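So the structure is just underneath, and the comments pick up after that.
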Amino acid sequence: MKSLFLGTTAAALIFAGSAAMAQTKIEGGTDANMVLLPKFLGILVFDQAHEGAQEAHAELKNGGELLFVGPTPENSVAGQIELMTTAATQGQAAVMLSNNAGDQVAPAAKAAQEAGTHVVTWDSPIPSGEGEDVFVAQVDFGSIGTVMAEMAHSILNGEGEMAILSASPDAANQNAWIAALEEALKEDKYQGIKLVDTVYGNDQSEMSYNRALGLVDKHPNLGLIMSPTTVGIQATAKAMQDEGLCDQIKVSGLGLPSEMVSYTMNGCAPEFALWDFRDLGYLTYYTAYAIATGQIEPELGASFTAGRMGDYAIEEDPGRKGAKRILMGDFTVYNKDNVEAAAK
Amino acid sequence: MIGALLQRIGPQALRIIALALVLALVVLFFASQIDNYLNGRLFNRISSSVAVMMLIATGQTLVILTRNIDLSVGSVVGFTAFATGLMIDAMPDMPPLLLVAFAMAVGACFGAFNGFFVAYARVPAIIVTLATMALFRSALVELSDGTSINTAMLPQWLVQFPNTRLFEIGAFQFRAGFVCALLVVLVVHVALARLRPLRRLYAVGSNPEAAAMAGIDTRRVVFAAFVMAGALTGLAGFMFLARLGNITVVAGLGLELQSVAAAVLGGVNIFGGSGTVFGAFIGAVLVDLIDTSLTRWPLVSEFWREAVLGGLILVAVTADAVLMRRLVGLKGSRKPSRRALAEAKAGAAKTEGGRS
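In structure tokens:
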């Protein structure tokens with residue numbers, strides 16, 4: 002009943018939206034050289050985003066090139082800035098950036114814009130919004146807080162201590178999500194849940210594994226470790242399993258079904274969530290292409306149809322004052338019932 | 193009495209004793225700071241996590257002894273771990289020992305690559321391995337093709353091996369990963385002290401010209417040191433894979449600094465020619481101990497942990513050096529009684545009784 006009501010409301014909203022402004026249908030065929038720039042190379046989710054971008058690239062019959070370039074892991078910040086500068090010098094039409102360099106990338110991004118290269122961020126934005134046309138947000142950063150709080154509530158049965166194991170201390174998306182979780186936990190419903198610590202595993206298995214065990218030793222009453230990163234959640238689950246702690250301490254956060262399936266089935270990580278990175282790459286490509294070919298202006302209210310994914314509009318980013326975003330949408334919560342199907 | 197003891201102990205053993213004292217001081221310090229610190233769990237944590245580093249530090253020691261350094265170890269660990277994971281995924285029935293041999297062979301190939309440029313092309317090791325650190329890491333990025341290795345791809349025996357409890361003494365668990373790594377360390381330690389071909393590492397490191405005059409092929413020795421270090425680092429990669437299960441392109445990042453720190457803390461002279469593998473092992477334990485304890489120390493926030501770790505390493509090295517000088521000084525002050533030493537050698541019991 003409730004879902005039916007929500008569905009009706011959503012449909013009504015969509016109708017209202019389309020009535021208010023005409024959707025630009027994105028036409029393909031114009032050549033534009035595009036660069037997809039992930040945080041660094043060699044992480045599965047970024048390659049999935051690349052696949053999504055390739056799908057859109059083919060669909061739009063873009064005769065230009067789609068380059069997938071990224072720094073090596075140990076050189077992420079400096080490498081991203083350098084690649085941004087290079088793309089501008091080469092006169093690329095658009096750079097799609099998952100930012101790992103905080104605001105340090107802003108001057109290079111601004112220079113690129115001045116040189117005529119559009120900058121669309123995805124996955125992780127430029128915190129100040131400077132040098133960025135628009136940010137394609139996988140999910141509403143505030144709603145990630147609510148989803149994590151909800152998973153914590155259901156795993157801990159409403160009462161207990163939890164800690165966070167994040168990636169690096171300067172990843173804009175991680176920090177925004179942690180802040181959103183802290184905000185969500187203030188609600189009355191979650192007052193039995195105490196957030197006791199936050200540590201960083203830098204998206205390295207070994208460091209995440211050791212930090213997770215450190216949390217266990219430091220907080221004897223810990224009931225849950227929440228890790229909003231695919232590397233961290235997996236390392237944490239393995240650490241708990243290796244030390245036989247799964248009965249006492251559960252693991253949750255953001256993870257890939259194929260990597261988490263065994264831990265979900267054996268009860269170490271009963272619930273976790275994620276969105277589809279292929280879709281994110283696809284939508285990001287559509288957005289960047291639409292802007293680069295002048296079919297939409299990166300201004301508030303501009304709206305367009307992104308192929309198979311439907312209609313999207315540019316709106317204000319509630320988390321970053323003065324910045325613009327496109328919201329992709331919901332994510333999936335995985336548990337025993339659906340994780341096996343998703344892992345295949 | 194102390195003097196008499198010192199007379200008999202070589203400088204290397206002295207250094208290890210000094211290091212053990214520093215280790216004890218660090219443990220006592222954290223025990224006073226952290227509740228529930230001194231227990232079997234601490235031993236289990238450190239011993240399981242140091243198993244990887246002690247192998248790398250052993251390899252690093254071999255290289256540093258010859259006046260060189262290997263900065264590519266982190267990338268080699270990452271690459272070997274990934275390649276070994278791919279291998280066992282492709283051939284799940286591969287016998288365990290063959291898989292270990294494969295990991296060591298991959299590591300040895302990287303070592304040979306480094307060794308060739310250092311020994312035969314005469315490029316300084318710091319430059320060669322700085323370059324190969326990036327090269328090998330990029331090779332890993334290529335090899336991985338965006339995928340990662342995860343536990344589901346690995347056979348059960350591999351995943352369970354490092355945490356298998358072999359025996360327990362009280363609350364101290366001796367797990368297979370640690371015990372195997374310790375055996376390797378001891379074997380290399382003894383071989384380095386006793387075997388003539390390995391003694392050449394010291395000869396080349398302390399005085400290359402003299403070693404060449406004595407008929408040692410110094411280039412071959414340096415090359416061999418890199419190959420052996422590569423094989424040990426490959427073994428560490430195997431251990432890394434077994435312990436963590438999840439290998440991405442960032443695997444092993446930063447291990448080079450830790451391994452150099454472990455070796456130097458363990459009394460391996462960075463200018464070559466002196467040091468022991470067992471010392472480097474204790475150095476690795478010290479680095480791991482400080483890192484693990486800092487995570488639990490409420491006074492230090494996440495952002496300061498690196499700085500505190502660096503500071504403590506500096507303090508530990510300084511304390512070690514000062515203590516060392518003191519002990520050597522104490523030893524030196526007994527010099528007038530050199531005759532007593534001769535006597536001690538002749539009739540130990542009698543002399544010692546006379547002195548105390």
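Sequences listed follow chains P and B, in order. Convert by adding 1 to the 1-based position in the first sequence; the result is the number in this note's numbering. Convert by adding 192 to the 1-based position in the second sequence; the result is the number in this note's numbering. For glycine and all other residues, C-beta sits at the position ideal for the given N, C-alpha and C. Values in this document were obtained by computation on a predicted structure and should not be read as measured data.
Mind checking if residue i is an interface residue toward chain P, Cβ cutoff 8 Å exclusive?
| i | result |
| --- | --- |
| phenylalanine 495 of chain B | yes |
| asparagine 342 of chain B | yes |
| asparagine 306 of chain B | no |
| arginine 411 of chain B | no |
| valine 477 of chain B | no |
| serine 264 of chain B | no |
| serine 330 of chain B | yes |
| arginine 531 of chain B | In this predicted model, arginine 531 of chain B has a pLDDT of only 49, less than 50, meaning its place in the structure is not dependable enough to derive any value. |
| glycine 338 of chain B | yes |
| alanine 441 of chain B | Rather than alanine, the amino acid found at residue 441 of chain B in this sequence is valine. Chain P, which has a Cβ nearer than 8 Å to the Cβ of valine 441 of chain B, makes this yes. |
| alanine 438 of chain B | With the sequence shown as reference, residue 438 of chain B is identified as asparagine, and alanine is not the correct amino acid for it. Yes - at least one Cβ of chain P is within 8 Å of the one on asparagine 438 of chain B. |
For the beta strand (DSSP E) containing residue i, name the first residue and the last one.
| i | result |
| --- | --- |
| lysine 187 of chain P | Per DSSP, lysine 187 of chain P belongs to no beta strand (DSSP E) and is neither H nor E. |
| leucine 166 of chain P | 161-167 |
| histidine 119 of chain P | 119-123 |
| phenylalanine 273 of chain P | 273-275 |
| valine 219 of chain B | It is not in any beta strand (DSSP E) - valine 219 of chain B instead sits in the alpha helix (DSSP H) that spans 203-225. |
| valine 463 of chain B | Note that residue 463 of chain B corresponds to phenylalanine in the displayed sequence, not to valine. Here phenylalanine 463 of chain B belongs to no beta strand (DSSP E), and DSSP marks it neither H nor E. |
For residue i, name the three-state secondary structure that DSSP assigns.
| i | result |
| --- | --- |
| alanine 33 of chain P | coil |
| lysine 527 of chain B | Per-residue confidence for lysine 527 of chain B stands at a pLDDT of 49, beneath the threshold of 50, marking its modelled position as unreliable; the derived number appears in the next sentence. It is helical. |
| serine 19 of chain P | For serine 19 of chain P, the predicted model reports a pLDDT of 42, less than 50, meaning its position is unreliable; a value from the coordinates is still stated below. It is helical. |
| glycine 295 of chain P | coil |
| lysine 542 of chain B | Because lysine 542 of chain B carries a pLDDT of 42, less than 50, the predicted location of this residue cannot be relied on, and the following value inherits that uncertainty. Helix at lysine 542 of chain B. |
| glycine 254 of chain P | strand |
| alanine 395 of chain B | helix |
| aspartate 331 of chain P | coil |
| aspartate 409 of chain B | coil |
| glutamate 341 of chain P | helix |
| glutamine 192 of chain P | coil |
| threonine 237 of chain P | helix |
| arginine 388 of chain B | helix |
| aspartate 248 of chain P | coil |
| threonine 339 of chain B | coil |
| lysine 26 of chain P | strand |
| phenylalanine 359 of chain B | strand |
| arginine 200 of chain B | helix |
| valine 197 of chain P | strand |
| alanine 455 of chain B | helix |
Taking residue i as the reference, give the member of the options with the closest Cα.
| i | options | result |
| --- | --- | --- |
| glycine 426 of chain B | B:Gly338, B:Phe302, B:Ile256 | B:Phe302 |
| leucine 350 of chain B | B:Leu289, B:Thr468, B:Leu375, B:Val460 | B:Leu289 |
| alanine 627 of chain B | B:Pro203, B:Leu335, B:Thr250, B:Phe222 | There is simply no residue 627 of chain B to check, as chain B begins at 193 and stops at 548 in what is shown. |
| proline 347 of chain B | B:Gly277, B:Leu447, B:Gly270 | B:Gly277 |
| threonine 440 of chain B | B:Ala404, B:Ser340, B:Leu478 | B:Ser340 |
| tyrosine 286 of chain P | P:Leu45, P:Ile327, P:Glu341 | P:Ile327 |
| arginine 367 of chain B | B:Leu375, B:Leu374, B:Thr356, B:Met245 | B:Thr356 |
| glutamate 352 of chain P | P:Ala181, P:Ala180, P:Gln192, P:Ala177 | Coverage of chain P is limited to positions 2 through 345, which leaves residue 352 of chain P absent and any answer about it impossible. |
| leucine 255 of chain P | P:Asp204, P:Leu84, P:Pro319, P:Lys111 | P:Asp204 |
| glutamine 24 of chain P | P:Lys251, P:Ala307, P:Ile127 | P:Ala307 |
Between which residues of its own chain and residue i is the CB-CB distance below 8 Å, once the five residues before and five after are set aside?
| i | result |
| --- | --- |
| alanine 118 of chain P | At residue 118 of chain P the sequence reads threonine, which differs from the alanine that was named. Counting only Cβ-Cβ distances below 8 Å, and skipping sequence neighbours, we find Ala88, Ala89, Gly92, Gln93, Ala94, Ala95, Val96. |
| arginine 412 of chain B | Ala311 |
| glycine 467 of chain B | Gln204, Thr253, Ile256, Leu257, Ala455, Gly458, Gly459, Val460, Asn461 |
Here's a check: name, in chain order, each residue in its chain whose Cβ is nearer than 6 Å to the Cβ of residue i, leaving out the five neighbours to either side.
| i | result |
| --- | --- |
| alanine 99 of chain P | As written in the sequence, residue 99 of chain P is serine, which differs from the alanine given in the question. If we look at serine 99 of chain P and ignore the five residues flanking it on each side, its Cβ neighbours are Pro39, Lys40, Trp123, Asp124, Ser125. |
| glycine 397 of chain B | Leu257, Thr258, Arg259, Gly464, Gly465 |
| aspartate 331 of chain P | none |
Chain B beta carbons: is any one of them nearer than 8 Å to that of residue i?
| i | result |
| --- | --- |
| arginine 212 of chain P | yes |
| glutamine 55 of chain P | no |
| glutamate 184 of chain P | no |
| lysine 239 of chain P | yes |
| threonine 73 of chain P | yes |
| glutamine 105 of chain P | no |
Over the uninterrupted alpha helix (DSSP H) stretch that includes residue i, give me the two end residues.
| i | result |
| --- | --- |
| glutamine 114 of chain P | 107-115 |
| tyrosine 229 of chain B | Neither: tyrosine 229 of chain B is in no alpha helix (DSSP H) and is coded neither H nor E. |
| glutamate 334 of chain B | 317-336 |
| threonine 90 of chain P | 77-90 |
| phenylalanine 136 of chain P | Where phenylalanine 136 of chain P is concerned, there is no enclosing alpha helix (DSSP H), although the beta strand (DSSP E) it sits in stretches over 135-138. |
| glutamine 146 of chain P | The sequence shown places glycine at residue 146 of chain P, not glutamine. That run of the alpha helix (DSSP H) goes 142-157. |
Output needed for residue i: all residues of its chain with C-beta closer than 7 Å, excluding positions within five of it in sequence on either side, in chain order.
| i | result |
| --- | --- |
| alanine 153 of chain P | Met163, Ile194, Leu225, Met227, Ser253 |
| arginine 518 of chain B | none |
| alanine 331 of chain B | Phe271 |
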